[in-house]
Every structure is written in structure tokens, then in C-alpha cells.
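*Asks:*
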Amino acid sequence: MRNNIAPEITRRRRAAWAAFGSIREVTDQIKDPALRASIFNASVLPAMCYATETWPDNETIAKAMRTTHRALERCLLKTSRYQQWHRGLRSTELREKSQLKDPLQYMQRMKHRWAGHLLRRNDDRWSLRVTEWLPRNKTRPLGRPPTRWADSFTKYFRQRGLPHWMQFARNRAVWRSCGPR
Numbered sequence: 002m003r004n005n006i007a008p009e010i011t012r013r014r015r016a017a018w019a020a021f022g023s024i025r026e027v028t029d030q031i032k033d034p035a036l037r038a039s040i041f042n043a044s045v046l047p048a049m050c051y052a053t054e055t056w057p058d059n060e061t062i063a064k065a066m067r068t069t070h071r072a073l074e075r076c077l078l079k080t081s082r083y084q085q086w087h088r089g090l091r092s093t094e095l096r097e098k099s100q101l102k103d104p105l106q107y108m109q110r111m112k113h114r115w116a117g118h119l120l121r122r123n124d125d126r127w128s129l130r131v132t133e134w135l136p137r138n139k140t141r142p143l144g145r146p147p148t149r150w151a152d153s154f155t156k157y158f159r160q161r162g163l164p165h166w167m168q169f170a171r172n173r174a175v176w177r178s179c180g181p182r
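Now the structure itself:
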């Protein structure tokens with residue numbers, strides 16, 4: 002069974018634009034970039050990243066979220082794609098000007114937080130059982146297999162020569178210290 006996440010990405014993009022539409026009148030009147038960014042980060046970013054902590058980390062998802070966020074950012078700054086190109090502005094310069102949070106970092110923090118919460122549970126819920134489950138009679142497909150939810154944690158801990166990530170996640174203080182900032 003393959004999970005097609007494309008419809009969910011589309012829903013998240015629409016939710017972000019809907020959330021932006023609800024704050025647009027307010028943000029158009031505010032001149033302070035920090036206050037505008039705070040309002041945006043409090044309403045649009047959570048709408049866009051809702052439930053992304055349960056998604057695997059891959060480039061397709063990252064590109065879709067990054068693209069949508071940049072479009073929203075340009076709209077917040079009242080700059081079109083053509084104006085950005087004509088002025089020679091890079092996306093990093095727009096990010097500094099808008100003072101918005103990076104959606105990929107936000108998604109990583111939420112995923113890290115959810116993983117710790119999931120593994121510290123004491124009851125026997127299906128979400129924990131599925132996370133710890135290793136299928137015995139199934140093999141991964143040939144070629145590059147699809148990214149699994151826990152692969153990002155495994156890769157992070159393996160690169161640093163640390164024990165398995167599930168051991169760290171059970172201890173809240175240790176888990177917070179080794180996660181994204």
C-alpha cells in the first residue's frame with residue numbers, strides 16, 4: 002500500500018491561503034514588520050503545517066511547502082514574482098525583510114515534539130505500536146524505497162554516532178536537548 006500525500010499537501014496549501022485571506026486586511030494596515038510576522042506565524046503557519054508532524058521528510062513535500070510559503074510571503078510584502086526578479090531580490094532577502102519563520106524548520110520542530118510525545122506514552126495505543134512495528138514477512142521494494150516517517154530521526158542519530166532515537170525520545174530532557182532549535 003502506498004500513501005499518496007499529494008491531496009493532503011493541496012489541502013494544507015488551501016488552508017494556508019484561506020488563513021492568509023482572513024488576516025490580510027489587518028496585515029495590510031500594519032506597518033511594523035515584526036507584528037505582521039507575528040500575526041502571520043500565529044495563524045497562517047499552523048494552518049499550513051497542520052498534521053505535517055505525521056508526514057515523512059522528503060523533497061517533494063519540502064518543495065511544495067517552501068513554494069507556498071514564499072508565495073504567501075510575497076503577498077504579505079506586496080511584491081510580485083516579477084518585481085522580485087526585476088529588483089534582483091533573493092528569497093533569503095525577502096525572508097529577512099518579512100521576518101517570517103521558516104516552514105520547514107517549524108515542521109521539523111513539530112515532528113520532533115510529536116515523536117517525543119508519542120514514545121513517552123505509557124498506554125498501548127496504535128500509533129506507538131505502528132511506530133515500533135517491524136514487518137516480518139515484507140521486504141522493501143527495489144530501487145530507492147519511499148521515505149518512512151522515522152527515517153529522518155534514524156539518519157540524524159546515525160550521523161552523530163548516537164544510539165537509536167527511540168531510546169532518547171523516552172527521556173524528555175535528553176530528547177529536547179538533541180532536537181531542532
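Letter by letter, the sequence shown follows residues 2 to 182 in this note's numbering.
Glycine included, each C-beta is placed from N, C-alpha and C at the ideal position.
Going by C-alpha distance, which of Val45, Ile40, Ala38 and Ile6 is nearest Ala19?
*Replies:* Selected option, being the one with the closest Cα: Val45.
*Asks:* Using only the alpha-carbon positions, how far apart do Arg130 and Ala52 sit?
*Replies:* Using only the alpha carbons, I get a separation of about 19 angstroms.
*Asks:* Three or more C-beta pairs closer than 8 angstroms, one from the stretch 110-122 and one from the stretch 75-90: is that the case here?
*Replies:* These segments do not touch.
*Asks:* So, are the CB atoms of Gln100 and Pro181 less than 9 angstroms apart?
*Replies:* No, the Cβ-Cβ distance between Gln100 and Pro181 is not below 9 angstroms.
*Asks:* Using a Cβ-Cβ cutoff of less than 6 angstroms, which residues in the same chain neighbour Phe158 once the five nearest sequence positions on both sides are dropped?
*Replies:* Correct list, in chain order: Trp166.
*Asks:* Please state whether the Cβ-Cβ distance between Cys76 and Phe21 is less than 9 angstroms.
*Replies:* Going by C-beta atoms, Cys76 is nearer than 9 angstroms to Phe21.
*Asks:* Around the Cβ of Arg13, are there at least 16 other Cβ atoms within 10 angstroms (buried) or fewer (exposed)?
*Replies:* Buried, since its Cβ has 16 or more Cβ neighbours within 10 Å.
*Asks:* Assign Asp58 to buried or exposed, taking buried as 16 or more other Cβ atoms, counted over all protein chains shown, within 10 Å of its Cβ.
*Replies:* By the neighbour-count rule (16 or more Cβ atoms within 10 Å), Asp58 is buried.
*Asks:* Excluding the 5 residues preceding and the 5 following Ala65 in the sequence, name in chain order all residues of the same chain whose CB lies nearer than 8 angstroms to its CB.
*Replies:* Correct list, in chain order: Ile10 and Arg14.
*Asks:* Is it true that the CB of His70 sits closer than 9 angstroms to the CB of Asp29?
*Replies:* No.
*Asks:* Between the alpha carbons of Ala17 and Lys32, how many angstroms are there, rounded?
*Replies:* For Ala17 and Lys32, the distance between alpha carbons rounds to 22 angstroms.
*Asks:* Under a three-way DSSP split, which group does Gly22 fall into?
*Replies:* If DSSP states are grouped into helix, strand and coil, Gly22 belongs with the helices.
*Asks:* Could you have a look at Ala17 and say whether DSSP puts it in helix, strand or coil?
*Replies:* Three-state DSSP puts Ala17 in a helix.
*Asks:* Mind reading off the beta-carbon distance from Lys112 to Glu54? Whole number of angstroms is fine, and I expect it under 8 angstroms.
*Replies:* Right, the Cβ-Cβ distance comes to about 4 angstroms (below 8 angstroms), so this counts as a contact.
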